[in-house]
Each structure stands twice: as C-alpha cells, then as structure tokens.
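In our numbering, the protein residues as written are 603 to 675.
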C-alpha cells in the first residue's frame, strides 16, 4: 500500500479553471462555455465558480447553485 499520497486543498472550481485555461490552452478563448455536471454537495463549489452552466443530478428537488437540475432516474 502506498502511504506517500499528497493531498491538496484546491477546489473543484480551481481544477476546472486549470483544466480549461492551462491544460487545454483555452486562456485566450472567449467562446468556450464550460458545463459541469454533479450529483452531490461536493459539486457546489464548481457550480458557484463555473462561468458556464452547472447541472445538478438529483432524485428530488433541492437548493443548489447549479443553473439547471435533472432528475436522477
């Protein structure tokens, strides 16, 4: 078992930003619309910080920062 794991305190929103801007090289693109789909409380950070659209997948309606919600079948 590997016990040398490194943990970071970077938010999901920061990961999305890094992925779209740095890794994919989209820092100068204004026509990119990120869409984030999540299904629990840990996704709220991405819904709040995402400049695109957040979609919450949930079995019942609930408060969320997501722009849309989809019913989980």
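Positions of the beta carbon are idealized from the N, C-alpha and C atoms, including for glycine.
By the 16-neighbour rule on beta-carbons within 10 angstroms, residue 670 is exposed. Only residues of its own chain outside the window of five on either side were considered, and among them 614, 615, 618, 638, 640 and 656 have a CB closer than 7 Å to the CB of residue 648, listed in chain order. DSSP places residue 614 in the uninterrupted alpha helix (DSSP H) bounded by 614-619. DSSP places residue 651 in the uninterrupted alpha helix (DSSP H) bounded by 646-651. Annotation for residue 673: the continuous beta strand (DSSP E) segment containing it runs 670-673.
The Cβ neighbour count for residue 672, taken over all protein chains shown within 10 Å, is under 16; the residue is labelled exposed. Around the Cβ of residue 645, a 10 Å sphere holds 16 or more other Cβ atoms; the residue is buried.
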